[in-house]
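Undergrad: When we follow this note's numbering, the leftmost residue of the sequence shown carries the number 272, and every step to the right adds one. Positions of the beta carbon are idealized from the N, C-alpha and C atoms, including for glycine. From a predicted model like this one, the values you see are computed outputs, not experimental measurements. Got a structure for you, written out below as structure tokens; questions coming shortly.
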Amino acid sequence: MSRVLFSFIVGLFVCTSLLALQFQDYAVYNEIENGLKVAALTQKGVVLIFTRPSCPSCTQLKAEGLATLELANLLRLNHIVIVAEAEKDFYARFPFDVFLNPDITQYETLSYYDIAAKKFHVSAIPRTFLLDSQFQTVGSVERYLSYESYVTSLRSVMNPAMSQPVRLIRSVTSKEATLLTATLPNVRTVTFSEFAKLFPTYDWMGYYILLNTSVQEVQEFAAANPTVPLNLLVKAP
């Protein structure tokens with residue numbers, strides 16, 4: 272076993288054992304529009320979870336289910352996770368594919384509640400939707416009865432590709448980098464040399480905006496380390 276892979280496994284074990292996870296550590300909270308923009312930018316699918324502050328099972332889902340490392344890793348491996356409070360008066364554009372194609376001009380600007388009730392026909396809260404990278408609905412899970420039943424239901428609607436990590440390497444503009452850092456809680460901006468040093472124990476589910484490098488250099492680095500997930504975004508000078 273290579274030294275890098277061994278260090279990666281040890282680091283993952285330590286993180287699993289010692290860190291108390293909260294959904295706010297990795298999920299986009301109450302920002303459907305920016306969450307979708309990030310999903311389009313990173314070519315990830317979306318896990319969109321509608322909740323309410325006054326809903327006991329929603330509280331249980333957030334405090335128990337989404338704070339369990341197994342479920343968190345399953346969801347964020349290939350998705351941007353968005354947790355929305357449907358009673359909040361925030362707005363987003365619909366249809367969502369407007370974020371994939373900026374030329375689309377026919378869309379509605381709706382409150383989260385209207386998106387949940389009128390577009391997704393949510394009648395029971397919490398409700399979890401899985402969207403593919405084209406923002407098409409793959410399936411959904413209604414309510415949260417227990418951790419075991421929720422995970423089983425999620426796995427039953429996931430297609431095989433949803434559990435396979437996407438190795439993301441691409442360039443981003445300054446504006447895109449600002450969107451990422453403002454929206455995702457697990458983003459770090461570092462020089463490439465700094466990232467290479469911390470790589471053996473890096474957050475393998477995190478997103479890294481890399482400075483002072485090129486896409487080609489990062490691709491060569493990734494090719495030499497083929498066994499781990501990567502979300503690497505090269506900021507243009």
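1) Touch check for the stretch 297 to 308 and the stretch 411 to 425: three-plus C-beta pairs under 8 Å?
2) Can you name, in chain order, every residue of its own chain whose Cβ lies under 7 Å from the Cβ of residue 436, other than the five neighbours on each side?
3) Starting from the Cα of residue 305, find the closest Cα among 404, 353, 431, 478 and give me that residue.
4) What do you get for residue 375, buried or exposed, if any count of 16 or more other CB atoms within 10 angstroms of its CB means buried?
5) Among the residues of its own chain, which have a CB less than 8 Å from the CB of residue 369, if the five just before and after it don't count?
6) In whole angstroms, what separates the C-alpha of residue 491 from that of residue 371?
7) In angstroms with no decimal places, state the Cα-to-Cα distance between residue 367 and residue 383.
8) Figure out for me which residue from 502, 508, 456, 407 has the closest Cα to the Cα of residue 430.
9) In this structure, how does DSSP classify residue 303 when only helix, strand and coil are distinguished?
10) Can you have a look at residue 291 and say buried or exposed, based on whether 16 or more other CB atoms are within 10 angstroms of its CB?
11) Using the DSSP secondary-structure output, state which residues sit across from residue 355 in a beta bridge.
12) Would you decide whether residue 341 is buried or exposed? Buried here means 16 or more other CB atoms lie within 10 Å of its CB.
13) Since residue 380 is in the beta strand (DSSP E), which residue starts that stretch and which ends it?
14) Does residue 372 come out as helix, strand or coil in the three-state DSSP assignment?
15) Mind checking which residues open and close the alpha helix (DSSP H) that includes residue 427?
16) Does residue 440 come out as helix, strand or coil in the three-state DSSP assignment?
17) Taking Cβ positions, are residue 401 and residue 393 nearer each other than 8 Å?
18) Could you check which residue in 326, 303, 311, 494 has the C-alpha nearest to that of residue 414?
19) For the putative contact between residue 442 and residue 507, defined by C-beta atoms under 8 Å, what is the C-beta separation to the nearest angstrom?
20) Taking the DSSP output, what are the residues bridged to residue 502?
21) Using the rule of at least 16 other Cβ atoms within 10 Å of the residue's Cβ for burial, across every protein chain shown, is residue 502 buried or exposed?
22) If I measure Cβ to Cβ from residue 424 and keep anything under 6 Å in the same chain, skipping five residues before and after, which residues do I get?
23) With a Cβ-Cβ cutoff of 8 Å, do residue 344 and residue 476 count as a contact?
TA: Quick answer:
1) no
2) Indexing the sequence shown from 1 puts residue 436 at position 165. The answer, listed in chain order, is 348, 349, 500.
3) For the purposes of this step, residue 305 is identified with residue 34 of the sequence shown, where counting begins at 1. Here the closest residue by C-alpha is 353.
4) Numbered from its first residue, the sequence shown carries residue 375 at position 104. Exposed, by the Cβ-count rule.
5) Sequence index remark: in the sequence shown, residue 369 carries index 98 (1-based). Contacts found: 375, 378.
6) As a working note, residue 491 is residue 220 in the sequence shown. As a working note, residue 371 is residue 100 in the sequence shown. When rounded, the distance between both Cα atoms is 29 Å.
7) Residue 367 sits at position 96 when you count from the first residue of the sequence shown. Residue 383 sits at position 112 when you count from the first residue of the sequence shown. In a straight line, the C-alpha of residue 367 is about 13 Å away from that of residue 383.
8) On the sequence shown, position 159 is the one that residue 430 refers to. The shortest C-alpha separation from residue 430 is found at 407.
9) Position 32 of the sequence shown, counted from the first residue, corresponds to residue 303. Residue 303: helix per DSSP, three-state reduction.
10) Your numbering for residue 291 matches position 20 in the sequence shown. Label assigned to residue 291: exposed.
11) Start at 1 with the first residue of the sequence shown, and residue 355 comes out as number 84. In the DSSP output, where bridge partners are listed per residue, residue 355 has 321.
12) Along the sequence shown, read from residue 1 onward, the residue named residue 341 stands at position 70. Answer is exposed; the Cβ neighbour count stays below 16.
13) Translated into the one-based positions of the sequence shown, residue 380 becomes position 109. Unbroken beta strand (DSSP E) run through residue 380: 379 to 382.
14) Along the sequence shown, read from residue 1 onward, the residue named residue 372 stands at position 101. Residue 372: coil per DSSP, three-state reduction.
15) Reading the sequence shown from its first residue, position 156 is the one you call residue 427. Run containing residue 427: 418 to 428, per the alpha helix (DSSP H) assignment.
16) For the purposes of this step, residue 440 is taken as the residue at position 169 of the sequence shown. Reduced to three states, the DSSP call for residue 440 is strand.
17) Taking the sequence shown and counting its residues from 1, the one referred to as residue 401 is at position 130. Taking the sequence shown and counting its residues from 1, the one referred to as residue 393 is at position 122. Contact flag unset, no.
18) Residue mapping note: residue 414 aligns to position 143 of the sequence shown, counting from 1. Minimum Cα distance to residue 414 is reached at 326.
19) Reading the sequence shown from its first residue, position 171 is the one you call residue 442. Reading the sequence shown from its first residue, position 236 is the one you call residue 507. 6 Å between Cβ atoms; contact.
20) Within the sequence shown, the letter at position 231 stands for residue 502. Looking at the DSSP assignment, residue 502 forms a beta bridge with 439.
21) For the purposes of this step, residue 502 is identified with residue 231 of the sequence shown, where counting begins at 1. The residue is buried, with at least 16 neighbouring Cβ atoms inside 10 Å.
22) If you number the sequence shown from 1, residue 424 lands on position 153. Around residue 424: 412.
23) Your numbering for residue 344 matches position 73 in the sequence shown. Your numbering for residue 476 matches position 205 in the sequence shown. Yes, they are a contact pair.
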